[in-house]
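The structure appears right after this line, and notes come after that.
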C-alpha cells in the first residue's frame with residue numbers, strides 16, 4: 476500500500492507511522508496511562524496488548540507489516556508538528572466489500588480541541604478518495620463520551636450495537652457501530668467540518 480505522505484488540515488496532520496515514532500508514542504502512552512487505560516484493548520489471557528513503558532518498536536513493526544500487506548494503515552496524529560496520538564485503519568477489505576475500520580487515541584493534553592475529529596476526517600477522506608473504499612466503520616464503547624462526540628461532529632450514522640465485541644480493559648465490552656459511506660458526503664469530511 477502506498478504511503479500517502481502527510482495529510483493535513485489547519486494545525487492537525489496525520490502520516491504513516493515511522494520507526495522514529497516509537498519513543499514519542501511510548502512516552503505518550505506512559506504519560507497518559509490513567510487517561511487511556513479504560514479504553515485500551517487487552518488480551519483475554521491477561522497478556523498485555525499495549526506495550527506501555529517498554530519499547531514500542533515491536534508494535535511499530537507489526538503495524539508496518541500490516542501496511543505492507545495492505546490490511547492496515549497505521550497513522551500518527553500530529554498537532555503543530557508534534558506526535559500526539561495514533562489513528563489506525565484496520566480490516567481493509569477489497570473485492571465486493573471495500574470496507575475498513577478505524578480506531579484512535581490522543582494525549583489528554585490535546586483532548587477537546589478537535590484534533591481527533593480532524594484526524595479522522597483526513598483519513599476517511601483518504602480512504603474514500605485514494606483507496607476507493609465504500610465504507611468506514613468506527614466502533615465505540617457506549618461509555619466513551621469523547622469518542623461519541625467525534626463521530627457526532629463527523630456526522631457518522633449510528634448503525635447498531637455489537638455485544639461483547641472487543642476485549643477492553645480486562646473484559647469483553649459492548650460497542651456501538653458508526654458508519655461513513657463514500658456517497659453520503661460527496662464534498663468530504665474535512666470540508667464538512669469546515670462548514671460547521
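Numbering (our numbering), first residue to last: 476 to 671. For glycine and all other residues, C-beta sits at the position ideal for the given N, C-alpha and C.
Check                                                                                                                                                                                              : Outcome
Leaving out five residues on either side along the sequence, give the residues of the same chain with a beta carbon under 7 Å from the beta carbon of residue 586.                                 : 621
Under 8 Å, do residue 625 and residue 592 count as touching if we go by C-beta distance?                                                                                                           : yes
Per DSSP, residue 580 is paired with what?                                                                                                                                                         : 561
Assuming the contact rule is C-beta atoms closer than 8 Å, residue 550 and residue 530 should be a hit. Round their C-beta distance to whole Å, please.                                            : 20 Å between Cβ atoms; not a contact.
Could you check if residue 580 is buried or exposed, using at least 16 other CB atoms within 10 Å of its CB as the buried criterion?                                                               : buried
Going by beta carbon distance, what residues of the same chain come within less than 8 Å of residue 560, once the five residues before and after it are set aside?                                 : 503, 551, 552, 579, 580, 581, 582, 585, 590, 591 and 594
What did DSSP end up calling residue 666 once you bin it into helix, strand or coil?                                                                                                               : helix
Cα-Cα, which of 668, 641, 666 and 633 is closest to residue 652?                                                                                                                                   : 633
For a test of the three-state rule: what should DSSP assign to residue 476, helix, strand or coil?                                                                                                 : coil
Could you tell me which uninterrupted beta strand (DSSP E) segments, each at least 3 residues in length, are contained entirely in the stretch 482-536, listed from first to last along the chain? : 482-484 and 487-491
By a C-beta neighbour count over all protein chains shown, 10 Å radius and 16 as the cutoff for buried, is residue 509 buried or exposed?                                                          : exposed
To the nearest angstrom, how far is the alpha carbon of residue 527 from that of residue 505?                                                                                                      : Reliability fails at residue 527, whose pLDDT of 49 lies under 50, so the model's placement of it is uncertain and the value that follows must be treated cautiously. C-alpha separation (whole angstroms): 6 Å.
Where does residue 488 land, buried or exposed, given buried means 16+ other C-beta within 10 angstroms?                                                                                           : buried
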